[in-house]
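Encoded as structure tokens, the structure appears first; notes follow it.
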Amino acid sequence: MPPALALVGSLAAWPVYAHGFGQRTELPVPLGYFLVGAGLAVALSFVLISTLVDISGQPSYWRHNLIGHRWSKGVLTSPLTLLPVKLVSVFLLGLVIATGFGGDPSPLLNFSPVFVWVIWWVGMSITVALLGNFWALLNPWKIIFGWAEGIHRLVRPGRNLSLARDYPAR
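Numbering of the sequence shown is given in numbering that gives the first Met the number 0, commencing with residue 0 and proceeding in unit increments.
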């Protein structure tokens with residue numbers, strides 16, 4: 000079945016272009032210099048990290064459990080707090096998909112590329128660095144699956160929503 004599906008999919012393929020938005024620009028230096036510089040920057044960062052970072056069992060930075068206090072646990076784990084966050088997360092996923100398929104063809108005017116590349120990747124990495132990893136809370140796919148699981152439990156009590164397959168396949 001998968002080979003046949005791949006064959007049918009390849010017959011309906013259209014050109015795919017590199018990601019990014021804006022106008023094409025030329026490098027201000029020869030490509031060889033650029034590639035060597037990029038490779039050296041990556042190699043040097045590995046050397047610096049391997050020599051400067053102490054790998055011990057203890058975290059080398061200050062940590063604070065946000066839900067360790069009774070008042071913050073009540074607020075941060077309350078359905079009244081979590082439901083709006085989950086609804087916004089799922090709404091944004093739907094908006095990104097909808098504007099990706101039906102929005103403006105110009106990447107500068109379309110919500111999807113700007114949201115994914117600028118707001119999501121840059122904003123999420125900075126926010127995770129400042130507040131910690133809260134992707135488990137914001138993951139819209141996990142939220143949708145959780146909702147589907149809840150509906151499945153109501154419709155077919157005692158049975159799990161599953162494909163009954165081992166993952167990863169061996």
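C-beta: ideal position from N, C-alpha, C; glycine also.
Given the structure is predicted, the values throughout are model-derived calculations rather than measurements.
{"query": "For Thr76 and Val35, the rounded distance between their alpha carbons", "result": "49 angstroms"}
{"query": "CA nearest to the CA of His63, picked from Asp165, Gly131, His151, Val154", "result": "Gly131"}
{"query": "Local conformation of Phe133 per DSSP, three classes", "result": "coil"}
{"query": "Cβ-Cβ distance between Lys85 and Ile150 below 9 angstroms", "result": "no"}
{"query": "Helix, strand or coil at Arg155 [DSSP, three-state]", "result": "coil"}
{"query": "Helix, strand or coil at Arg69 [DSSP, three-state]", "result": "helix"}
{"query": "Status (buried if at least 16 other CB within 10 Å, exposed otherwise) for Val41", "result": "exposed"}
{"query": "Where Pro112 falls, given that 16 or more other Cβ within 10 Å makes a residue buried", "result": "buried"}
{"query": "Neighbour flag for Leu136 against chain B, beta carbons, 9 angstroms", "result": "Absent here is chain B; the protein component of the structure consists of one chain."}
{"query": "Leu43 versus Ala37: straight-line alpha-carbon distance, rounded", "result": "10 angstroms"}
{"query": "Sequence-distant residues of the same chain with beta carbon closer than 7 angstroms to Ser71, five excluded per side", "result": "Leu65"}
{"query": "Glu119 vs Val127 beta-carbon contact at 9 angstroms", "result": "The sequence shown places Trp at residue 119, rather than the Glu named in the question. Not a contact, by the Cβ cut-off of 9 angstroms."}
{"query": "Thr50 - DSSP class collapsed to helix/strand/coil", "result": "helix"}
{"query": "Assigned secondary structure, Glu177 (DSSP; H/G/I helix, E/B strand, else coil)", "result": "The structure shown does not extend to residue 177, since the chain is modelled only from 0 through 169, so no value can be given for it."}
{"query": "Helix, strand or coil at Ser44 according to DSSP, with G and I counted as helix", "result": "helix"}
{"query": "Backbone CA spacing between Gly8 and Tyr32 [nearest angstrom]", "result": "40 angstroms"}
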